[in-house]
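In my numbering, the protein residues as written are 26 to 543.
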């Protein structure tokens with residue numbers, strides 16, 4: 026074959042080689058002509074019939090058109106058909122022997138060796154020098170393309186590289202053969218091409234393996250199965266070129282298109298011809314409409330089957346709705362937990378912020394505590410107050426306004442003096458006399474009601490109550506009497522202790538209770 030894409034067939038005969046581009050024939054030795062169909066003429070041989078046969082034509086009938094070997098008449102022997110003696114003998118009666126190698130003969134008169142084709146030397150034991158062949162090594166080797174540049178010393182045939190053949194090694198081995206002289210048989214299957222030099226199989230698209238016997242796995246195609254298929258909806262791609270083979274009901278390059286209305290089946294090539302109560306399914310053709318059944322789809326399904334389908338759909342919807350609702354509820358719970366954790370952390374941070382201020386008037390005795398609710402008007406040491414009016418009373422404040430520790434530290438104490446100085450009679454380390462009898466007159470109810478305090482609460486001002494001082498009828502001159510009333514720590518008895526006084530349940534005659542006294 027020759028020409029573009031090897032579309033033209035060569036016309037060469039008798040083993041002639043065809044030029045792959047022009048198609049011109051290169052004839053083997055012994056043939057000539059445009060298509061190598063003619064043998065060399067009488068007494069000529071070799072490539073292009075350019076060599077002359079070296080024969081004794083008196084005793085020869087011709088020569089071989091390929092090798093130039095002389096064809097002797099009967100009774101004549103030798104390379105040139107010039108001797109009556111058998112090969113290896115010479116002399117008038119063939120009584121002498123000659124030592125000529127490689128089937129060579131000797132001159133019948135002189136006994137000198139006449140060498141066979143391709144050999145030279147005194148005893149014809151040497152090959153023709155490189156580049157020459159034939160009788161007397163007189164023929165030059167042809168132009169060998171895919172070879173080492175040498176030819177056979179006898180035939181003149183080129184020594185082709187593995188995978189090539191022909192007179193000038195310009196032809197590759199025929200299909201199914203490879204190696205030196207194209208003597209080995211290829212083992213490729215599924216139309217795999219055999220490398221003419223090594224015999225390695227080159228698999229066609231869709232096949233792989235040493236002998237091209239393994240098809241491409243599903244989802245792959247092409248040379249060596251290296252490309253991935255792109256078919257959808259159950260389509261299977263062709264191993265060779267990746268073309269999608271769609272299942273019934275689908276069409277398109279990637280099986281993404283449903284059969285058009287009225288068509289179904291493989292490649293959507295079949296046409297539906299549905300009757301009443303039928304619809305055309307792209308998969309299987311005519312099927313009953315929804316809600317119809319029977320052999321001819323004439324029976325309307327009103328019972329359990331339709332109801333079951335509806336129940337299944339409603340159940341599915343309920344399950345989906347429940348799952349969505351559960352997910353939303355879970356998200357809300359998680360967000361609430363995160364919110365309250367952050368809020369709790371913020372409150373802890375605020376409560377942990379505490380400021381401490383030192384007491385500007387520390388008490389001499391750290392073990393002593395004065396309750397300001399029971400504090401009295403301060404008097405000089407050794408004296409007690411006898412006034413029960415509002416002058417000289419101790420005001421106990423209940424400030425409802427919120428102040429933080431920093432503001433309280435700035436304001437300092439409410440009184441510049443301690444409660445001991447302005448409170449009840451007595452002091453630290455001082456002893457005064459105690460009156461034998463103390464008459465305390467208190468109102469029946471010394472506390473205001475909540476209703477009385479409402480006007481002050483509405484004004485957002487501090488409100489207070491007054492606690493009357495106890496009466497002292499005698500001058501406290503004794504240093505043995507404490508300034509404060511105190512309790513005895515002895516075990517209780519039935520006797521009335523002198524420091525405790527009974528309060529009268531009724532008011533004295535003529536005494537009135539007023540809000541001012543409270």
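Yeah, the Cβ is synthetic: ideal placement off N, Cα and C, and Gly gets one too.
Would you give the residue range spanned by the beta strand (DSSP E) that residue i belongs to?
i: residue 313; result: 310 to 313
i: residue 96; result: 95 to 97
i: residue 223; result: Careful: residue 223 lies outside any beta strand (DSSP E) and carries neither H nor E.
i: residue 40; result: First-last for residue 40: undefined, no H or E at that position.
i: residue 86; result: 85 to 88
i: residue 185; result: 183 to 185
i: residue 304; result: 303 to 306
Can you tell me which of the options puts its alpha carbon nearest to the alpha carbon of residue i?
i: residue 260; options: 277, 251, 247; result: 277
i: residue 272; options: 253, 263, 292, 285; result: 292
i: residue 72; options: 92, 80, 83; result: 92
i: residue 206; options: 171, 44, 359, 137; result: 171
i: residue 45; options: 29, 118, 59; result: 29
i: residue 83; options: 169, 95, 137, 75; result: 95
i: residue 173; options: 159, 160, 189, 179; result: 189
i: residue 283; options: 345, 81, 258, 31; result: 258
i: residue 244; options: 364, 353, 262; result: 262
i: residue 325; options: 301, 353, 373, 347; result: 301
Does residue i come within less than 7 Å of chain B when only Cβ atoms are used?
i: residue 105; result: Chain labels in this structure do not include chain B; a single protein chain is all it has.
Using beta-carbon positions only, say whether residue i and residue j come within less than 7 Å of one another.
i: residue 224; j: residue 211; result: yes
i: residue 229; j: residue 203; result: no
i: residue 131; j: residue 140; result: no
i: residue 37; j: residue 27; result: no
i: residue 264; j: residue 241; result: yes
i: residue 64; j: residue 90; result: yes
i: residue 308; j: residue 287; result: no
i: residue 61; j: residue 41; result: yes
i: residue 246; j: residue 254; result: yes
i: residue 122; j: residue 149; result: no
i: residue 235; j: residue 227; result: no
i: residue 183; j: residue 198; result: no
i: residue 51; j: residue 249; result: no
i: residue 136; j: residue 115; result: yes
i: residue 110; j: residue 133; result: yes
i: residue 166; j: residue 153; result: no
i: residue 295; j: residue 289; result: yes
i: residue 85; j: residue 119; result: no
i: residue 79; j: residue 160; result: yes
i: residue 305; j: residue 299; result: yes
So, with DSSP's three-state summary, where would you put residue i?
i: residue 174; result: strand
i: residue 165; result: strand
i: residue 261; result: strand
i: residue 251; result: coil
i: residue 292; result: helix
i: residue 32; result: coil
i: residue 240; result: strand
i: residue 47; result: coil
i: residue 341; result: helix
i: residue 358; result: helix
i: residue 196; result: strand
i: residue 77; result: strand
i: residue 348; result: helix
i: residue 365; result: helix
i: residue 282; result: strand
i: residue 112; result: coil
i: residue 125; result: coil
i: residue 270; result: strand
i: residue 26; result: coil
i: residue 53; result: coil
i: residue 353; result: helix
i: residue 627; result: The chain is shown from 26 up to 543; residue 627 falls before or after that span and cannot be answered.
i: residue 151; result: strand
i: residue 371; result: helix
Touch test, the stretch 309 to 321 against the stretch 337 to 352, Cβ-Cβ under 8 Å, three pairs minimum: The stretch 309 to 321 vs the stretch 337 to 352: no contact.
Counting Cβ pairs closer than 8 Å, one from the stretch 141 to 149 and one from the stretch 41 to 55, do we hit at least three? With a cut-off of 8 Å, the stretch 41 to 55 and the stretch 141 to 149 do not count as touching, because too few Cβ pairs lie within range.
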